[in-house]
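Below: one structure, written as structure tokens.
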Amino acid sequence: MDGTYRVAIIGCGNRGRSHAVGLRAESRCRVVALADIKPEAAAALDAEHGFGAAVYTDYRELLDKERPDVVAVCLWTPLHLPVVRDCMEAPGVRAVLSEKPVAPTWGEYRETARVAEQTGRQLTFCHQRRFARGNQLARRLLAEGRFGEIRRMDLYSPRHLLDCGTHTFDQALSFNNESPARWVLGAVDAGKTFAYFAVRAETMATGTLVFENGVRATIQVGGPDMDMGSGVRIHGTDGFLEVDWDGRFGRAVVYGDPAWEPPVVEKDGMNDHMVGVVRDAIDSLETGKEPELSYTKAMRAGEIIFALYESVRRHARVELPLEGFTDHPLHAMLDAGELGAEGKTGPS
Ligand SMILES: NC(=O)c1ccc[n+]([C@@H]2O[C@H](COP(=O)([O-])OP(=O)(O)OC[C@H]3O[C@@H](n4cnc5c(N)ncnc54)[C@H](O)[C@@H]3O)[C@@H](O)[C@H]2O)c1
1 MDGTYRVAII GCGNRGRSHA VGLRAESRCR VVALADIKPE AAAALDAEHG
51 FGAAVYTDYR ELLDKERPDV VAVCLWTPLH LPVVRDCMEA PGVRAVLSEK
101 PVAPTWGEYR ETARVAEQTG RQLTFCHQRR FARGNQLARR LLAEGRFGEI
151 RRMDLYSPRH LLDCGTHTFD QALSFNNESP ARWVLGAVDA GKTFAYFAVR
201 AETMATGTLV FENGVRATIQ VGGPDMDMGS GVRIHGTDGF LEVDWDGRFG
251 RAVVYGDPAW EPPVVEKDGM NDHMVGVVRD AIDSLETGKE PELSYTKAMR
301 AGEIIFALYE SVRRHARVEL PLEGFTDHPL HAMLDAGELG AEGKTGPS
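Set out below in structure tokens:
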């Protein structure tokens with residue numbers, strides 16, 4: 001079974017290096033090709049892991065000549081849809097592991113889902129923190145009912161609703177039985193904007209949302225006075241739990257059993273999470289089960305993000321499923337001069 005799947009990595013920067021760690025650890029995978037517009041980046045990654053892979057500067061040529069079974073797309077956000085689509089439509093490709101977020105606009109999110117449905121190939125987005133041991137423990141404790149029935153959640157993320165918020169919303173969805181959101185009402189402070197991976201965002205965003213299953217949540221992304229830097233505080237009928245993005249527990253309280261303490265999990269980090277990402281994607285390919293990082297789950301996090309932005313544009317609560325626009329509402333408002341009075345742009 002060793003090396004069954006011929007794998008290519010497109011984009012050999014920071015995230016390409018993380019995917020390489022997960023791929024090298026998976027015996028069913030063999031990295032045969034790397035693409036980067038900077039050939040030195042691809043050559044360096046190849047040397048670091050001793051893949052002996054072919055190096056390309058044009059990913060289309062790679063797809064054509066190498067016919068990989070699996071492709072990891074590790075590019076800046078505006079390139080996700082065009083490159084993911086080329087990979088999904090390339091002969092021989094069976095699975096694409098893309099970096100998050102799905103895309104820079106809601107229209108591109110939907111087009112990504114359409115491509116996945118049309119091609120029937122496996123598509124996942126890298127919310128790798130689902131594989132953190134602490135997050136897995138939190139899901140188990142919640143499923144066992146340790147904190148009773150979930151009633152509310154407080155959601156926190158560093159600045160950038162799309163780029164960073166996606167991790168928090170994905171984490172919240174994973175804690176809340178993957179229930180999609182029902183409605184979102186939001187506000188942004190766009191006095192100053194910041195671009196991460198070529199996508200502009202606000203200084204701070206806040207909001208309220210209610211999930212289909214009735215669980216309510218508050219959101220704070222960036223800005224002052226956050227009492228958690230990242231992650232989720234889950235309020236149940238019988239207790240509450242604070243878990244940061246990476247699965248580190250804060251307070252964990254069971255009201256009826258003050259002496260209770262959560263089990264201690266072995267420390268882990270990004271590399272361990274990436275091993276889980278690749279293993280689960282390959283397991284899913286072989287068994288046909290829904291991948292833990294399926295595009296449908298990433299769409300649910302994206303829907304919350306774009307509903308919040310759209311709520312700012314409509315000055316109204318936005319009901320889901322999200323219909324009626326394809327652009328990025330914040331960008332449209334900024335371009336129209338309706339927001340961002342200071343007109344400043346922060347570091348990219
Ligand atoms: N999952 C996470 O926790 C996490 C963390 C950070 C960033 N990200 C996401 O990962 C994505 C990539 O970020 P990064 O930090 O790896 O960026 P990066 O700049 O470190 O790497 C991108 C690489 O892509 C190459 N590239 C650019 N255009 C190309 C093309 N057309 N064909 C082939 N290669 C090309 C660049 O030369 C560069 O080496 C972003 O969308 C970002 O949002 C995810």
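Just so we're aligned: the sequence shown equals residues 1 to 348 in the numbering used here. The beta-carbon is built from N, C-alpha and C at its ideal position, and this holds for glycine as well.
Close Cβ partners of residue i (< 8 Å) along its chain, the five nearest in sequence each way excluded
i	result
ALA201	ARG159, HIS160, LEU161, LEU162, ASP163, THR193, PHE194, ALA195, LEU330
GLU319	ARG182, TRP183
GLY148	GLY236, THR237, ASP238, GLY239
ASP327	THR105, TRP106, GLY107
GLU338	none
Identified DSSP bridge partners for residue i
i	result
GLN220	TYR156, THR206
GLN136	GLN136 pairs with nothing; no bridge assigned.
TYR5	CYS29
GLN122	ALA95
ARG233	ASP154, GLU242
ILE10	ALA35, VAL73
GLY165	Per DSSP, none; premise fails for GLY165.
TRP106	DSSP lists no partner for TRP106.
PHE211	ALA181
PHE249	VAL243
GLU319	TRP183
SER294	THR124
ALA336	The partner list for ALA336 (beta bridge, DSSP) is empty, contrary to what the question assumes.
TYR56	ALA35
ALA90	ALA90 pairs with nothing; no bridge assigned.
ALA201	PHE194
VAL278	According to DSSP, which records beta bridges pairwise, VAL278 is partnered with nothing at all.
VAL188	ALA205
VAL254	GLY239
Close-in-space but distant-in-sequence residues of the same chain around residue i (CB under 6 Å, 5 per side omitted)
i	result
LEU23	VAL7, CYS29, VAL31, VAL278
GLY340	ALA190, THR193, LEU334
HIS80	SER98, ALA103
HIS235	ARG151, ARG152
ALA116	LEU123, TYR295
VAL210	ARG182, TRP183, ARG216
VAL265	ARG133, GLY134, LEU137
ALA252	LEU241, PRO262
GLN221	What sits at residue 221 in the sequence shown is Val, not Gln. Counting only Cβ-Cβ distances below 6 Å, and skipping sequence neighbours, we find SER157, LEU161, GLY165, ALA205.
Near ligand 1: residue i beta-carbon under 7 Å from a heavy atom
i	result
PHE175	no
GLN128	yes
ARG200	no
THR77	yes
ASP163	yes
TYR390	This structure cannot speak to residue 390, because the chain is shown only from 1 to 348.
ASN14	yes
PRO68	no
ALA41	yes
PHE197	yes
LYS38	yes
ILE10	yes
LYS297	no
ALA217	no
LYS100	yes
ALA33	no
CYS74	yes
Minimum Cβ-Cβ distance from residue i to chain D less than 8 Å
i	result
HIS315	Going by chain labels, chain D is absent from the structure shown, which holds only one protein chain.
Chain-order list of residues whose beta-carbon lies under 7 Å from that of residue i (same chain, five-residue window excluded)
i	result
VAL83	ILE10, TYR59, VAL73, LEU75
ALA172	MET153, LEU155, ALA217, VAL232
GLU111	LEU81
LYS267	none
ALA90	LEU63
PRO291	GLN122, THR124, ASP280, ALA281, SER284
THR119	MET88, GLU89
Could you tell me whether the stretch 286-303 touches the stretch 124-138, where touching means 3 or more Cβ pairs closer than 8 Å? Yes, since at least three Cβ pairs between the stretch 286-303 and the stretch 124-138 fall closer than 8 Å, the two stretches touch.
Validate contact between the stretch 130-137 and the stretch 205-219 using beta carbons, cut 8 Å, 3 pairs: No, the stretch 130-137 is not in contact with the stretch 205-219.
Three Cβ pairs or more, each shorter than 8 Å: is that satisfied between the stretch 313-327 and the stretch 163-174? Touching, no.
Any contact between the stretch 11-19 and the stretch 31-50? By contact I mean 3 or more CB pairs, one from each, below 8 Å. By the C-beta criterion, the stretch 11-19 is judged to be in contact with the stretch 31-50, since at least 3 inter-stretch pairs fall below 8 Å.
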